[in-house]
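A quick write-up on the structure given underneath.
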Amino acid sequence: MIKFQGTSEYIASNDLSVAVNAAITLEKPLLIKGEPGTGKTLLAHEIAKALNKPLYTWHIKSTTTAQQGLYEYDAVSRLRDSQLGNNKVDNIANYINKGKLWQAFEADERVVLLIDEIDKADIEFPNDLLLELDKMQFFCYETGEEIIAKHRPIIIITSNNEKELPDAFLRRCFFHYISFPDRETLKEIVAVHYPNLEEELVESAMKLFYAIRSERNIKKKPSTSELIDWIKLLLVGKINAQELDDVMAGKAGTPYLGALLKNEHDKAIIR
Amino acid sequence: MFLDFFILLKAKGIPVTLREYLDLLAALDANVAEYNVDDFYFLSRTVLVKNEEHLDLYDQVFGVYFKGIEQIQSSDILNIPDEWLRKNGERLFSREELEKIKSQGDLESLLDRMAELLKEQKERHQGGNKWIGTGGTSPFGAYGYNPEGFRIGQEESRHRRAIKVWDKRSFKDLSQDEELETRNMKMALRKLRVLSREGKNEEIDLDKTIRSTAKNSGMLEIEMVPSKKNIVKVLLLFDIGGSMDDHIELCSQLFSAAKYEFKHLEFYYFHNCLYENVWKQNERRWEEKTPTESIFNTYNEDYRVIFVGDASMSPYEIIAPSGSVEHYNEEAGQVWLQRMIEHFPYFAWLNPVAKSEWKYTQSIGMIQKIMKERMFPLTIKGIEEAVDSLRKKTK
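These protein sequence lines map, in sequence, to chains A and B. Under the working numbering, think of the first position of the first sequence as 1, with each following residue one higher. Under the working numbering, think of the first position of the second sequence as 1001, with each following residue one higher.
Structure, rendered in structure tokens:
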């Protein structure tokens, strides 16, 4: 049985690995939610890397329809080609553009399919994918083909909770909420990104980071990805642990605050 | 297997279905989780819970079920004879442990303390029920493993491990700021639409294309049109403060659903009845007022006006000049309402008060009359009816 335990660049907590392995084993889509910046999208990439499988990414926008994930029939180019006497015209299959789901279904091995930010789409979008995700098959009307997944792909769906997902859809998925990592895990994550960091600097940076996170009135709390970026800036700017401790003591302003807080209102509070 | 657990989850309000239960069994069958309770917790959570709002509740139910803990009325416990407890205690505690207990005071005082703790626990739990361990043969067997552990699984487990993951209740916050369920409202509001083709040419116009291709003696001539978009414009007027405080949650649900569904949405607040001024920010209502007159000038009659209010007030606030409870109004509320519906032929009133109670408040009937019977309850069905009437002009 294939098992996902995280990778050298991605620390997967125990609960996350159990969720991923359950989804892989039972061939169910896994819905991932969590604070922005906790590595939802990254997860699919890392699963693909860890299991050595190709990754198909389907980024959802407000205008995306479910049909686009299956296929699109390009009637206009077919009409044009018919005018030009192109032989391609005879076969309608030449004008079917396969979507990400189709590509994932017809792959010769089990692939990882990431449906990123499903909440961005129209409210009906998840309902239009029920059968496709459940049975992993759909029908192409133009060619009369029944597309059935050769190997049920490992489907990872991320959501930022901008829209409520319908119950019927949720029932077909497994669900995992990535919570903000605890101190120990966060340290591991930092260590994975910057293996040769001084212990002292990490300690001071984390202390400051948690102090900022615990500030009550902040609208958007900084999360893992912000911490990683910020530590990078600290390294580039050659900030040392002493300077960070001065910040904690209130003697100086936080360096590179913009990397942690993305909102004028929040910055004003921390200053 | 775990059927009781499944039924308990359902009873506690976590929306699990048979499908999830079967999935869990399949997952166990496939050996997804290792044979330890932590992994089982992670696995069952991922299979059974579909919404972070329910995670906290799930943790609690899980904690209760897997400690073999029963729900016992507090009075039952406090009335258990000491004799019986002591006997059990002696059977479960080893000699050493009993020594330890004695070092903290005698069993009597420990039992007293336990009673105290139980009371304390009652306060922490909502609904006045409490969870008490039955680790072995006795309801209090749990203590047998852990002489210091009178806290019944809240801080330390019987196996003297670190805190159990589900006992951490790390998802507590998520259930507190739970997202409002607005999906149904959005679907109801969705019917309010005026489709029109505006903007960029994006879609192929089949009829025109056929016609011009034919004219072009069979050479393809593609005609494009802009795609259809909902251009309905909505003006929301919210009654705020006073008796409306009871309905704040419902109103904010409606507001967020409307904000999502309508691109052109304007909103203003009023208090009890519409008068010469409305405002946009409630905390600055006295400084930043908008004259109601100017609404007539700013928005044309295409705007669909939705009043949201309980219409519950003294009749004077509607019919009499200077009848407002807050300020001196030169003209009566009904005059302003009348002007409003004369200017805007598409309007409706949504009332958060249940329809069955309307007849007990005189002012509701009066407003209903002014609104030409276009007042609807703020329910999904009511919104649908309101949307229907918003499609019809009154004039």
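Note that CB positions come from ideal geometry on N, CA and C, so glycine has one too. Since the structure is predicted, the reported quantities are computational estimates derived from the model, not experimental observations.
About 27 Å separates the Cβ atoms of Leu165 of chain A and Pro222 of chain A, ruling out a contact at the 8 Å cut-off. Those residues of the stretch 1014 to 1032 of chain B placed with their C-beta closer than 8 Å to a C-beta in chain A are Pro1015, Thr1017, Arg1019, Glu1020, Asp1023, Ala1026, Ala1027, Ala1030, Asn1031 and Val1032, ordered along the chain. If you ignore the 5 residues before and after Tyr177 of chain A, its C-beta comes within less than 7 Å of the C-beta of Lys33 and Gly34, all in its own chain and listed in chain order. A distance of 8 Å or more separates the beta carbons of Phe174 of chain A and Ala12 of chain A. Counting C-beta pairs closer than 8 Å gives fewer than three between the stretch 184 to 193 of chain A and the stretch 71 to 79 of chain A, which falls short of the contact rule.
Boundaries for Ser1356 of chain B: no alpha helix (DSSP H) harbours it, and the DSSP string shows neither H nor E there. Between Gln1362 of chain B and Pro1315 of chain B, the alpha-carbon positions lie close to 7 Å from each other. Your pair Leu1206 of chain B and Thr1213 of chain B does not check out as a contact, with CB atoms roughly 10 Å apart and the cut at 8 Å. Neighbours of His176 of chain A in chain B, taken as residues at a C-beta separation under 7 Å, are given in chain order as Thr1046. Rounded to the nearest whole angstrom, the CA to CA distance from Lys251 of chain A to Asn1282 of chain B is 39 Å. Looking at B:Val1225, B:Leu1057 and B:Ser1196, the one whose alpha-carbon comes closest to that of Lys1208 of chain B is B:Val1225. By the Cβ neighbour-count rule, Ser82 of chain A is exposed, with fewer than 16 other Cβ atoms within 10 Å of its own. Pairing Val1061 of chain B with Leu1189 of chain B gives a Cβ-Cβ distance that is not under 8 Å.
In terms of CA proximity to Gly6 of chain A, A:Leu43 leads the group A:Phe180, A:Leu26, A:Pro29 and A:Leu43.
A straight-line Cα-Cα distance of about 38 Å links Ile96 of chain A and Lys1233 of chain B. A distance below 7 Å between beta-carbons, with the five flanking residues on each side excluded, links Ile1240 of chain B to the following residues of its chain, in chain order: Tyr1269, His1271 and Asn1282. Residues of chain B with a Cβ closer than 8 Å to the Cβ of Asn21 of chain A are, in chain order, Val1032. Rounded to the nearest whole angstrom, the CA to CA distance from Asn1201 of chain B to Leu1236 of chain B is 32 Å. Taking 8 Å as the cut-off, the beta carbon of Ile1319 of chain B is found closer than this to the beta carbon of Ala1332 of chain B. Within the DSSP secondary-structure output, Thr158 of chain A pairs in a beta bridge with A:Ile32. When C-alpha distances from Phe1267 of chain B are compared across B:Trp1279, B:Tyr1275 and B:Leu1250, the shortest belongs to B:Trp1279. Distance from the CA atom of Leu114 of chain A to the CA atom of His59 of chain A, rounded to whole angstroms, is 8 Å. Here the stretch 1295 to 1312 of chain B lies against the stretch 1335 to 1343 of chain B, with 3 or more beta-carbon pairs under 8 Å apart. Here DSSP, grouped into helix, strand and coil, assigns Thr1017 of chain B to coil. Between the stretch 215 to 234 of chain A and the stretch 249 to 268 of chain A there are three or more inter-stretch CB-CB distances shorter than 8 Å, so the stretches are counted as touching.
Sequence-distant Cβ neighbours of Ala205 of chain A in its own chain, meaning closer than 7 Å and more than five residues away, are Ile231, Leu234 and Leu244. At a Cβ-Cβ threshold of 8 Å, Leu1043 of chain B and Val18 of chain A count as neighbours.
Between Asn1277 of chain B and Thr1290 of chain B, the alpha-carbon positions lie close to 5 Å from each other.
In the structure shown, the three-state DSSP call for Pro54 of chain A is coil. In chain order, Asp119 and Ile123 place their CB closer than 7 Å to the CB of Lys163 of chain A, counting only its own chain and leaving out the 5 sequence neighbours on each side. If you compare the alpha carbons of B:Val1335, B:Gly1323 and B:Leu1378 with that of Ala1348 of chain B, the shortest gap goes to B:Leu1378.
Burial state of Asp182 of chain A is exposed, judged by a 10 Å Cβ sphere holding fewer than 16 other Cβ atoms. In summary, Arg1391 of chain B is exposed, with fewer than 16 beta-carbon neighbours lying within 10 Å of its beta-carbon over all protein chains present. When the Cα atoms are used, Glu146 of chain A and Ile269 of chain A turn out to be separated by approximately 58 Å. Taking all protein chains in view, the Cβ of Phe169 of chain A is crowded by 16 or more other Cβ atoms within 10 Å, so the residue is classified as buried.
Residue contact check for Lys1215 of chain B against chain A: no CB pair falls below 8 Å.
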